[in-house]
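Novice: Numbering (our numbering), first residue to last: 2 to 347.
Note that beta-carbon positions come from the ideal geometry of N, C-alpha and C, so glycine has one too.
Keep in mind it's a predicted model, so treat the numbers as computed, not measured.
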Amino acid sequence: MDGEDIFQNAFKHIYVEKELLGNGKADIILSHFPDSRVIVIDHYKDVFNRKRQDFSAQRLARNLILASKKGRLVYDGAPVCQDFGNSHFYYTSCIMNCLYDCEYCYLKGMYPSANLVVFVNIEDIFKEVEELLSKFPVYLCVSYDTDLMALESLTGFVSKWVEFTKSHENLTIEIRTKCGRGDLDIEPCDRVIFAWTISPDPVIKQYEHGTARLSARLEAAAHYLEAGWPVRLCFDPMIYIPGGHENPMPGKNWKQVYSGMLEEVSTAIDMTKVRDFSVGSFRISEAYLKKMRKVMPVSSAVQYPYILDEGYYHYPKKLTEEMESFLTSKILKICPDAKIFRWEET
Numbered sequence: 002m003d004g005e006d007i008f009q010n011a012f013k014h015i016y017v018e019k020e021l022l023g024n025g026k027a028d029i030i031l032s033h034f035p036d037s038r039v040i041v042i043d044h045y046k047d048v049f050n051r052k053r054q055d056f057s058a059q060r061l062a063r064n065l066i067l068a069s070k071k072g073r074l075v076y077d078g079a080p081v082c083q084d085f086g087n088s089h090f091y092y093t094s095c096i097m098n099c100l101y102d103c104e105y106c107y108l109k110g111m112y113p114s115a116n117l118v119v120f121v122n123i124e125d126i127f128k129e130v131e132e133l134l135s136k137f138p139v140y141l142c143v144s145y146d147t148d149l150m151a152l153e154s155l156t157g158f159v160s161k162w163v164e165f166t167k168s169h170e171n172l173t174i175e176i177r178t179k180c181g182r183g184d185l186d187i188e189p190c191d192r193v194i195f196a197w198t199i200s201p202d203p204v205i206k207q208y209e210h211g212t213a214r215l216s217a218r219l220e221a222a223a224h225y226l227e228a229g230w231p232v233r234l235c236f237d238p239m240i241y242i243p244g245g246h247e248n249p250m251p252g253k254n255w256k257q258v259y260s261g262m263l264e265e266v267s268t269a270i271d272m273t274k275v276r277d278f279s280v281g282s283f284r285i286s287e288a289y290l291k292k293m294r295k296v297m298p299v300s301s302a303v304q305y306p307y308i309l310d311e312g313y314y315h316y317p318k319k320l321t322e323e324m325e326s327f328l329t330s331k332i333l334k335i336c337p338d339a340k341i342f343r344w345e346e347t
């Protein structure tokens, strides 16, 4: 499923900050939704940060908020995220929240609202990145708190980030996605990494609602790889599938599911051409999971009895090592020279 499919029944209400009335970028976005009711507000937080919001209900009928972001715009990389060996690791958010509805997503624990916020002042983010680039090379993740590829037909932010990166030789960006679109018509840049989250289809069906099927993600990744883009495959997060009556996917255990997935990957993609791989099992901050368990009371991915360790929940260390080592060894059998990154606690 791509962004256009989801847009068909999206955003009955669109909130627009007063200062953006007549803003060309805001008007272009509004033109996609001629039947939506436009409501003028003073500040996006007046809507997004309201008390006693029902996240679960909002997921079923999201509203869109168009805003201008103020204050700090670029942030230090989070401890639960992989830095892929980069010393100056940062992330930024042009958009808050995601079109997709992955049950295990930390956004459910981070934000008070399921509504989507698009910050139209992307050039201000560019200026802050340039300030960092004047000091040192920067590795920047631009699609952590949303899926920019899924929203590209609405915002054009992916294209803007690519062009900005091309003109700044000390900048490398990662664009993470679960989208299946492969129609970005831009000349490749070797410092723009397209990174697909790769999950088995049973995991996608059970937990990653609205996202592209595995075959669609692989088809898109293969397209960009063939076109000359650096491609990263992220087997992260791995989701444990228990045996017995607790198994949400009867008849299969996690080893069978992930082995089958990797066979499909190796058939669809020349893995020797992939820039690098990441392997990581589910982990999340204590505060986020506490909120998520209230929002997702029947999700087996959220309600699993994780181990709490120094403020972060994760699978027991023995299981974590077994899962990640299993998949890593499988990748190396197919591609002995693969560069594989695994998240490690610091």
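Can the beta-carbon of alanine 196 be found closer than 7 Å to that of arginine 177?
Specialist: Yes, the pair counts as a contact, with Cβ atoms nearer than the cut-off.
Novice: So is phenylalanine 278 buried or exposed if we call it buried at 16+ other beta carbons inside 10 Å?
Specialist: Flag for phenylalanine 278 reads buried.
Novice: Are threonine 280 and leucine 328 closer than 7 Å when you measure CB to CB?
Specialist: The sequence as given places valine at residue 280; threonine does not occur at that position. Yes, Cβ-Cβ distance for valine 280 and leucine 328 is below 7 Å.
Novice: Tell me the rounded alpha-carbon separation between glutamate 20 and aspartate 43.
Specialist: The straight-line gap from Cα to Cα measures roughly 8 Å.
Novice: Report the three-state DSSP secondary structure of tyrosine 76 (helix, strand or coil).
Specialist: DSSP places tyrosine 76 in strand when its eight states are reduced to three.
Novice: Evaluate the contact criterion for the segment 120–132 versus the segment 61–71: three or more CB pairs, one atom per stretch, below 8 Å.
Specialist: Flag = yes, the segment 120–132 and the segment 61–71 touch.
Novice: Where does isoleucine 176 fall in DSSP's three states?
Specialist: Note: isoleucine 176 maps to strand in three-state DSSP.
Novice: Assign aspartate 202 to one of three DSSP states: helix, strand, or coil.
Specialist: Helix at aspartate 202.
Novice: Does the beta carbon of glycine 281 fall short of 6 Å from some heavy atom of the ligand PLP?
Specialist: Because no ligand of any kind appears in the structure shown, any question about the ligand PLP cannot be addressed here.
Novice: Once DSSP output is grouped into helix, strand and coil, what is the label at aspartate 47?
Specialist: The answer is helix: DSSP assigns aspartate 47 an H, G or I state.
Novice: Let me confirm a value: glycine 245 is counted as buried when at least 16 other C-beta atoms fall within 10 Å, else exposed. Which label applies?
Specialist: Residue confidence for glycine 245 is low, a pLDDT of 46 falling below 50, so the modelled location carries little weight; the figure read from the coordinates is stated next. When all chains shown are included, glycine 245 counts as exposed.
Novice: To which residues does DSSP link methionine 97 through a beta bridge?
Specialist: Its beta-bridge partners are Val118.
Novice: Do you know whose CA, among Ala223, Tyr16 and Lys331, lies nearest valine 258's CA?
Specialist: The candidate whose alpha carbon is nearest that of valine 258 is Lys331.
Novice: Spatial neighbours of glutamate 5 within its chain, please: C-beta separation below 8 Å, excluding the five flanking residues on both sides.
Specialist: Confidence is the limiting factor: at glutamate 5 the pLDDT is only 47, short of 50, which leaves the residue's position unreliable and the question unanswerable from this model.
Novice: Does the distance from the CB of alanine 223 to the CB of alanine 269 come in under 7 Å?
Specialist: In this structure, alanine 269 lies closer than 7 Å to alanine 223 by Cβ.
Novice: Please tell me whether leucine 108 and asparagine 98 are closer than 7 Å, where the distance is taken between their beta carbons.
Specialist: Against a cut-off of 7 Å, the Cβ pair of asparagine 98 and leucine 108 comes out as a contact.
Novice: From the DSSP output, read off the bridge partner residues of leucine 234.
Specialist: In the DSSP output, where bridge partners are listed per residue, leucine 234 has Trp197 and Phe278.
Novice: Using a Cβ-Cβ cut-off of 7 Å (strictly less than) and excluding sequence neighbours within five positions of phenylalanine 12, which residues of its own chain qualify?
Specialist: So the list reads Phe34, Ser37, Arg63, Asn64 and Leu65, once near-sequence residues are dropped.
Novice: Buried or exposed: isoleucine 335, going by 16 or more other Cβ atoms within 10 Å of its Cβ?
Specialist: The residue is exposed, with fewer than 16 neighbouring Cβ atoms inside 10 Å.
Novice: Leaving aside the five residues before and after valine 75 along the sequence, list all residues of the same chain whose C-beta is less than 8 Å from its C-beta, in chain order.
Specialist: Cβ neighbours of valine 75 beyond the five flanking positions: Tyr91, Tyr92, Thr93, Ile126, Glu129, Val130, Leu133 and Leu141.
Novice: Can you tell me where the beta strand (DSSP E) holding alanine 68 begins and where it ends?
Specialist: From DSSP, the beta strand (DSSP E) with alanine 68 extends over 65–68.
Novice: Does the distance from the C-beta atom of proline 317 to that of methionine 262 stay below 7 Å?
Specialist: No. Outside cutoff.
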